[in-house]
Amino acid sequence: MLLYTLKRLLLTIPTLIGVAVLVFFMLRVVPGDIVEVKLRGDGGNVTQEVVEQERKRLGLDRPLLVQFGDYMLGLAKFDLGISMWTERPVIEEIMIRLELSLEVAILATIFATIISIPLGTLAALYRNTWIDYVVRIITIGGLSIPSFWFGMIIMLTLLALFNWLPPITFTPIYVDPVANLSQLIWPALAVGYRYCAVTARMIRSSLLEVLAEDYIRTARAKGVYEKLVVSRHALRNALLPAITVMGLEFAFLIGGLVVTEQVFNLNGIGQLFVQSVSRNDFMLIQGMVILIACFYVVINLVVDLLYAVFDPRIRYGN
Amino acid sequence: MEAEVLEKSRAAQSSVPLLAVEDLHVRFETSRGTVRAVEGISYSVNRGEVVAVVGESGCGKSVSALTIMRLLAKSGRVTGGRILLEGRNLLDLSDEEMRAVRGHEISMIFQEPMTSLNPVLPIGMQIMEPLLIHLKMTEDQAQARALELMHQVGITDGERRLAQYPHQLSGGMRQRVMIAIGLACKPKLIIADEPTTALDVTIQAQILELMKNLSRELGIALVIITHNLGIVARYADRVNVMYAAQIIEKGTADDIFLQPGHPYTNGLMRSVPRLDEPRGSKLQTIEGLPPDLRMPPEGCRFAARCPHRIEKCALPIELIPVGDSHEARCHRVDEIMAGTLKVEFPSGSAVTSQAKKSDKPILEVAHLKKYFGVKAAGAGFFSNEMATVRAVDDVSFAIAEGETLGLVGESGCGKTTVGRVVLRLDEATDGTIKFGTTDVTHHSGREMRGLRRKIQVIFQDPYSSLNPRMTVGEIIAEPLKVYGIVPEKKARLDRVGELLSQVGLFPYMAERYPHELSGGQRQRVGIARALALEPSLIVCDEPVSALDVSIQGQVINLLEDLQQRLGLTYLFIAHDLAVVRHISDRVIVMYLGKVMELADRDEIYARPLHPYTKALLDAAPIPDPKIERARAPRALRGEIPSPLNPPTGCVFHTRCPIALDVCKQQSPAVRELKPGHLSACHRAEEILEGKVLQGA
């Protein structure tokens, strides 16, 4: 298993190189660059000379291939380069935000797991009864209500009922857990609702499928308690497809919370993404795309490994 | 101590049967109406007795068994009757009380060992579960008992097996595990629903023998639900025959087999080809289909298919006693029992002259090999190390025009692969395939196009081999269109109608979709599709194994009939020895990719010259209790080895009763021992001279 994991990690290298190449050239195909945004963005009147000078300073005047070679060389040394806007190392820019985004994603996952498993299970066990219908309404709500809107409702509710708003500045959890959680639990809730809805629906349908399997009939024929039939015999099999969905959803949460972050005034990866794109900050965009790609690849690997934990038929390596 | 108490309580209750099903009615609510799945069945099972419930699919035999366990699907409900276990009505118990009965007093063994065990739980856990729950054993006690059970059901190295998962076990092994689970709490009754249907014939014999012995030793009563009359003859004390939700005949095995009182029972026995009777005539068949259970006829339910139906048969009928314990639900049972009415089913014309056979071979296969590469078990992630499965390993045969060549063997023997390679669906690894005079082994797709018309195929599963979104007419017309044989639409319709009537369907059925047809009708559509291109060779891959007994006979007769009329040649692939014997002129027996024996049909069944053929014949149950009881217990040991890692030397030596040292080292050549009789056994000469394998 360890060997397999190592090999899988090695195999991510070509994927990441591909991502790097793609994003590098795609960005350069689009007209315009950071200098224009920086100097002329606000309608400022700057001479061509100054623009050229700035380009030269940032190294944008060099031939494309040279820039590319430079960039790839940097990557080989785990150097993502320097942000063209703030002129701080890209990795530093990302890390500040990643802590926050990662925490929101993890909180949302915990929330979704705790809620979706019982919800999906209940819906499956009481299929086509009022319980199932209630769960269906809840989950369809989660799928159709945008997280940012739900976030706004949460904020307004907090304000209206308790006359309280979560703190605005980010405090790391190891500094002050209460302050940290009282800020991040709300966005996690807002995005977790959707997350939980997707997973609960997945669990419901896969549990229904599993409950119709022959081995469930065998378990009942053995006289196993109904509770055990569900928890020991059915759920373990039914959770497999849910794990896949959760993995993908988690990876999405890392970089995809653009609007929700805005609502809660969080300085996360999503915001940084929007900023860097609107500023044409090539180096930062590249760094972030590679980072997100990394997350997807690693999470996929984790999902595959989890499969092996849950399903003995899957064994990697030997 | 415990045993004594048990003994006493048993003695006290001996007047009450262990299980009594009384006038049981079960209905299913479906979107298309109420299905009366079980209507008024009654039977009893005494302690230590083996009772069989026999019938075709949809007759209600499995539903009645699940009702005893109270494991019916939600749409099913019991609308009447009682199920008494030692006098206690199971239908009155609360869910919790019933749960305590399941697995403790009654256990059930299901048909599909491949899907009946939980794939994510270790075997040991699955065996220990009822012990922990019902007998409140500790983990250690349960583990010890589980080991004992594994030993009892013939699984060696139980300790290691307990930690394994179902996918690491073969089908036969899994069914043994299922039996171990069933036995765990020493139940009074085990219900086995088609326990061996999914298994190979040699494994089937092992499992049935095991169940019979265990039930005898431990005094457990056994209800066997099956469609296989051979099994019934060997193992059952008493038999209940079901048809269309009712029991239509019940009695001892001797009653049922030697003097059946109901025409249906009679017909069932005649429509299966038998190994113990001379062959040469067509099978008698029960024409038609069972009635729709949403609105069954008021009178005798079999009347519509019965050749001896009279006016009275439209009246309702109960079971009529005809002997000590023998009852039949037939208006004319007295005439039948008195011998004044001889039950005969139509069988079409007897096969008087075999279709004209020329000596010219239509298909010649020489040294055919088909190897599949699979990733080696221990191979590294990046390595390309492959293990080779020799699915077909040096197989040669020829089929003459108008002949039927049977290809028999158990699962994994390569018979289907031979068919696929002949059809050029798979590329041969080595060897040659000659069709007529052309070598087609490496024909390209375009070169094959013309030839494909001449070689057609009939598949095993009539349910999945027809496109559900196309009408029957479209399915049959497709090849006509693709090959431009009948370009005009109108003419094509006519041709489809003609083909449908040729296979015994009606032209108006062209409008229907496959799901609107029964299994037998679908298989006829498959045959019509194959015939559309007027082929000269048809590869039949298990064409009847998915069909019910009475339908099997119809399809076999149809195939024979078509062969005579159209001069077809068949390569008939099957696992059922009796069916192959019935239809084939010559037979090849395969095992693990190799030919074991090849001979004329009568020769190979009467005087097999290979111990494997002999073992297969011994393992096949024969529907006659007298013959069955006289036969020695089947002794073929062990499992079929993995084709990934076949034994050295003769591939059969690990299971062979007469293997010598030479068999372990040298692979025997296929040699001709008598004209037309080939065998691949080092000791074939000795068998021929009668020195070994007495009684062969």
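These protein sequence lines are chains A and B, in that order. Everything in the first sequence is counted per our numbering, starting at 5 for the first residue and increasing by one. Everything in the second sequence is counted per our numbering, starting at 852 for the first residue and increasing by one. Beta carbons: idealized from backbone N, C-alpha and C, even for Gly. All of these numbers come straight from a predicted model, not from anything done at the bench.
Using a Cβ-Cβ cut-off of 6 Å (strictly less than) and excluding sequence neighbours within five positions of residue i, which residues of its own chain qualify?
| i | result |
| --- | --- |
| G1033 (chain B) | S958, I960 and I1041 |
| L923 (chain B) | L917 |
| F1503 (chain B) | Y1442 and Y1463 |
| H955 (chain B) | H985 and C1036 |
| G1404 (chain B) | S1122, L1134 and T1136 |
With a threshold of 8 Å between beta-carbons, can residue i be considered close to chain B, or not?
| i | result |
| --- | --- |
| N241 (chain A) | yes |
| R208 (chain A) | no |
| Y229 (chain A) | yes |
| K81 (chain A) | no |
Determine the extent of the beta strand (DSSP E) in which residue i is found, giving its start and end residues.
| i | result |
| --- | --- |
| I960 (chain B) | I957 to I960 |
| H1433 (chain B) | It is not in any beta strand (DSSP E) - H1433 (chain B) instead sits in the alpha helix (DSSP H) that spans L1428 to I1434. |
| H1528 (chain B) | H1528 to S1530 |
| V1091 (chain B) | The identity of residue 1091 (chain B) in the sequence shown is Asn, whereas the question assumes Val. N1091 (chain B) -> beta strand (DSSP E) spans R1089 to Y1094. |
| L1040 (chain B) | L1040 to D1044 |
| T16 (chain A) | Careful: T16 (chain A) lies outside any beta strand (DSSP E), inside the alpha helix (DSSP H) at L6 to V33. |
| Y1100 (chain B) | Here residue 1100 (chain B) turns out to be Glu, not Tyr, going by the sequence shown. Where E1100 (chain B) is concerned, the enclosing beta strand (DSSP E) stretches over Q1097 to T1103. |
| L1126 (chain B) | From DSSP, L1126 (chain B) is part of no beta strand (DSSP E); its letter is neither H nor E. |
| V39 (chain A) | Element bounds for V39 (chain A): not the beta strand (DSSP E) but the alpha helix (DSSP H), I38 to R44. |
Closer than 7 Å by C-beta to residue i: which residues in its own chain qualify, once you throw out the five before and the five after it? Chain order, please.
| i | result |
| --- | --- |
| E1454 (chain B) | H1528 |
| S1204 (chain B) | Unreliable positioning characterises S1204 (chain B) in this predicted model, as indicated by a pLDDT of 45, which lies under 50. A coordinate reading is not provided. |
| G1348 (chain B) | P1358 and A1361 |
| P232 (chain A) | What sits at residue 232 (chain A) in the sequence shown is Leu, not Pro. So the list is empty, once near-sequence residues are dropped. |
| N940 (chain B) | R933 and I934 |
| L1539 (chain B) | L1460 and L1524 |
| P176 (chain A) | E103 and N184 |
| M852 (chain B) | A caution first: M852 (chain B) carries a pLDDT of 49, below 50, which makes its placement in the model too unreliable to give a value. |
Terminal residues of the continuous alpha helix (DSSP H) containing residue i?
| i | result |
| --- | --- |
| H205 (chain A) | His is not the amino acid found at residue 205 (chain A); the sequence shown has Arg there. Unbroken alpha helix (DSSP H) run through R205 (chain A): P181 to L215. |
| E990 (chain B) | E990 to Q1003 |
| C1391 (chain B) | It is not in any alpha helix (DSSP H) - C1391 (chain B) instead sits in the beta strand (DSSP E) that spans L1388 to D1392. |
| R883 (chain B) | Neither: R883 (chain B) is in no alpha helix (DSSP H) and is coded neither H nor E. |
| T930 (chain B) | Segment G927 to L936 is the beta strand (DSSP E) holding T930 (chain B); no alpha helix (DSSP H) there. |
| K1465 (chain B) | P1462 to A1470 |
| K1266 (chain B) | K1266 to V1273 |
Taking residue i as the query, report the chain A residues whose CB atoms sit under 8 Å from its CB, ordered along the chain.
| i | result |
| --- | --- |
| T966 (chain B) | E217, D218 and Y219 |
| G1190 (chain B) | Residues of chain A passing the Cβ test: none, with the nearest at roughly 45 Å. |
Cutting at 8 Å between CB atoms, please list the residues of its own chain near residue i, excluding the five before and the five after it.
| i | result |
| --- | --- |
| V1543 (chain B) | I1509, R1534 and E1537 |
| E1014 (chain B) | In the sequence as presented, Glu is not what sits at residue 1014 (chain B); that position holds Ala. Cβ within range, chain order: P973, I974 and G975. |
| A297 (chain A) | T19, L20 and V23 |
| E1252 (chain B) | K1208, S1209, K1211, P1212, I1213, S1387, G1418 and T1420 |
| V952 (chain B) | L936, L941 and L944 |
Taking only beta-carbon positions, decide if residue i is within less than 8 Å of chain A.
| i | result |
| --- | --- |
| M959 (chain B) | yes |
| A1031 (chain B) | no |
| R953 (chain B) | yes |
| E963 (chain B) | yes |
Run through chain B and tell me which residues come within less than 7 Å of residue i, C-beta to C-beta.
| i | result |
| --- | --- |
| P316 (chain A) | V971 and Y1016 |
Mind pulling the chain A residues with CB within less than 9 Å of residue i?
| i | result |
| --- | --- |
| R950 (chain B) | R224, G227, V228, Y229 and E230 |
Quick check: is any heavy atom of the ligand SAM less than 7 Å from the C-beta of residue i?
| i | result |
| --- | --- |
| L211 (chain A) | What this structure holds is no ligand at all, so the ligand SAM is not there to describe. |
Output, in chain order, the set of chain A residues within a Cβ distance shorter than 7 Å of residue i.
| i | result |
| --- | --- |
| E1540 (chain B) | Near E1540 (chain B) there are no residues of chain A at all, since even the closest Cβ is about 50 Å away, more than 7 Å. |
Tell me which residues of the region 295-314 of chain A have at least one Cβ-Cβ distance to chain B shorter than 7 Å, keeping chain order. Those residues of the region 295-314 of chain A that come within reach of chain B (Cβ to Cβ, closer than 7 Å) are F314.
Residues in the region 966-995 of chain B with C-beta within 9 Å of chain A's C-beta atoms, listed in sequence order? Answer in chain order: T966, S967, L968, N969, P970, V971, L972, P973, M976, Q977, E980, P981, I984 and H985.
Listed in chain order, which residues of the region 914-946 of chain B have Cβ atoms closer than 7 Å to some Cβ of chain A? For the region 914-946 of chain B, which is checked against every Cβ of chain A, the residues closer than 7 Å are M920 and L922.
What residues in the region 1491-1517 of chain B have a beta carbon less than 9 Å from any beta carbon of chain A? Those would be none; no residue qualifies.
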